[in-house]
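Novice: Take a look at this one; I'll ask things after.
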Amino acid sequence: MKNFLVKLGLILFVVVLIRPVSANVSLVVLGDSLSAGYGMSQKESWVGILQQRWQQTYPSITLVNASISGDTTQGALNRLNGVIKTHQPDAVFVELGGNDGLRGFTPMAIKSNLLQIIERLQEEGIKVAVSQVRIPPNYGRRYSDMFADIFPDVTESTDTLLIPFFMEQIAVKPELMQNDGIHPNREAQDDIADIMEPHLLELLGKG
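Counting in the numbering used here, the sequence shown runs from 5 upward without gaps.
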């Protein structure tokens, strides 16, 4: 009986130690200036706001901002293995393509890069969500439409989550935009965090 109680105590002790660890998840935001916090510190960005918020509400989630201002789909693809190795994420939110579009890269090249990013992540068993991205209409209706179609195409073919473009709710409010008319300002970051939080929790299965 004594041995049984000792063994039971050891099992319960191990369970208590293991359960919190196994519940921990890591989410990486792989984006460009819209997520990197252009013109402000990373702490002030919407990702930084969620990091601070989730320390209280979802302490088991580690949120990592691997976004770089000016990054393209090719640039992110080039550094992807390093991101995976360094952060070993359970999930990745991909917010990329805007800089490709603004530079007039071909939709075929953008689509190819995104597919390679998604497939590389899926090879590692990592959950993936992709942001819809749009560019200003002054690039021509045909190109803008072809560009916008990239994102539902790649998510449908890879069975990944497509998340609406948060800038569509921000750019219509001049008071939330920086002077360049492209980047959200500090005042917009809380709004973006509110927009993105339920989508990212859904990605993690916590929605």
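Every residue, glycine too, gets a C-beta built ideally from N, C-alpha and C. Quick caveat: nothing in here was measured; it's all calculated off a predicted structure.
Going by DSSP, what residues sit across from Ile65 in a beta bridge?
Specialist: Residue mapping note: residue 65 aligns to position 61 of the sequence shown, counting from 1. The partner list for Ile65 (beta bridge, DSSP) reads Val29.
Novice: Indicate the three-state DSSP secondary structure (helix, strand or coil) for Leu165 in the structure shown.
Specialist: One-based indexing of the sequence shown puts residue 165 at position 161. Per DSSP, reduced to three states, the secondary structure at Leu165 is strand.
Novice: To which residues of the same chain is Val25 closer than 8 Å at the C-beta, ignoring the five residues directly before and after it?
Specialist: Indexing the sequence shown from 1 puts residue 25 at position 21. Note that Val25 scores 40 on pLDDT, short of 50, meaning its location in the model is unreliable and no value can be drawn from it.
Novice: Closer than 7 Å by C-beta to Glu201: which residues in its own chain qualify, once you throw out the five before and the five after it? Chain order, please.
Specialist: Position 197 of the sequence shown, counted from the start, is the residue given in the question as residue 201. Hits under 7 Å: Leu54.
Novice: For Asn85, count the other beta carbons within 10 Å of its own beta carbon; 16 or more makes it buried, fewer makes it exposed. Which is it?
Specialist: Reading the sequence shown from its first residue, position 81 is the one you call residue 85. Per the 10 Å Cβ criterion, exposed.
Novice: Considering Val132, what are the terminal residues of the beta strand (DSSP E) in which it resides?
Specialist: Sequence index remark: in the sequence shown, residue 132 carries index 128 (1-based). Element bounds for Val132: 131-135.
Novice: Skipping 5 residues on each side, what residues in its chain have a beta carbon closer than 7 Å to that of Val158?
Specialist: As a working mapping, residue 158 is identified with position 154 in the sequence shown. Within the same chain, Val158 has close Cβ partners Lys115, Leu118, Leu119, Ile122, Val134.
Novice: Count the other CB atoms, across all protein chains shown, that sit within 10 Å of the CB of Asn82; report buried if there are 16 or more and exposed otherwise.
Specialist: The sequence position of residue 82 within the sequence shown is 78, counting from 1. Exposed, since its Cβ has fewer than 16 Cβ neighbours within 10 Å.
Novice: Just the Cα atoms here: how many angstroms apart are Gly102 and Ile139?
Specialist: By 1-based counting over the sequence shown, the position of residue 102 is 98. By 1-based counting over the sequence shown, the position of residue 139 is 135. Whole-angstrom Cα-Cα distance: 7 Å.
Novice: Tell whether a beta-carbon distance below 8 Å holds between Ala40 and Ile72.
Specialist: Counting from one through the sequence shown, the residue named residue 40 turns up at place 36. Counting from one through the sequence shown, the residue named residue 72 turns up at place 68. Taking 8 Å as the cut-off, the beta carbon of Ala40 is found closer than this to the beta carbon of Ile72.
Novice: Could you tell me if Asp94 is buried or exposed, where buried requires 16 or more neighbouring beta carbons within 10 angstroms of its beta carbon?
Specialist: The residue you call residue 94 lines up with position 90 of the sequence shown. Buried, because 16 or more other Cβ atoms sit within 10 Å of the Cβ of Asp94.
Novice: Starting from Val158, follow its DSSP beta bridges and name the residues at the other end.
Specialist: For the purposes of this step, residue 158 is taken as residue 154 along the sequence shown, with counting starting at 1. Paired residues: none, contrary to the question.
Novice: Inspect the beta-carbon positions of Val98 and Val51 and report whether they are closer than 8 Å.
Specialist: The residue given as residue 98 occupies position 94 in the sequence shown. The residue given as residue 51 occupies position 47 in the sequence shown. No; because the gap between Cβ atoms is not below 8 Å, this pair is not in contact.
Novice: If the criterion is Cβ atoms closer than 8 Å, does the pair Ile174 and Leu180 meet it?
Specialist: Numbered from 1 along the sequence shown, position 170 holds the residue referred to as residue 174. Numbered from 1 along the sequence shown, position 176 holds the residue referred to as residue 180. Yes, Cβ-Cβ distance for Ile174 and Leu180 is below 8 Å.
Novice: Return the chain-ordered list of same chain residues with a C-beta closer than 6 Å to the C-beta of Asp75, the five sequence neighbours on each side being excluded.
Specialist: Reading the sequence shown from its first residue, position 71 is the one you call residue 75. Excluding residues within five positions, the ones whose Cβ falls inside 6 Å are Asp36.
Novice: Tell me whether Pro111 sits in a helix, a strand or coil according to DSSP, three-state version.
Specialist: Within the sequence shown, residue 111 is the residue found at index 107, counting from 1. Here Pro111 sits in helix by DSSP.
Novice: Along the chain, where does the beta strand (DSSP E) that runs through Val96 open and close?
Specialist: Sequence index remark: in the sequence shown, residue 96 carries index 92 (1-based). For Val96, the uninterrupted beta strand (DSSP E) run begins and ends at 95-99, by DSSP.
Novice: Of all the options Gly79, Gln126, Ala152, which has the alpha carbon lying nearest to the alpha carbon of Gln92?
Specialist: To locate residue 92, count along the sequence shown from 1; it is residue 88. Per the Cα distances, Gln126.
Novice: Roughly how many angstroms lie between the CA atoms of Asp153 and Ala80, to the nearest whole one?
Specialist: Start at 1 with the first residue of the sequence shown, and residue 153 comes out as number 149. Start at 1 with the first residue of the sequence shown, and residue 80 comes out as number 76. The C-alpha of Ala80 is placed about 20 Å away from the C-alpha of Asp153.
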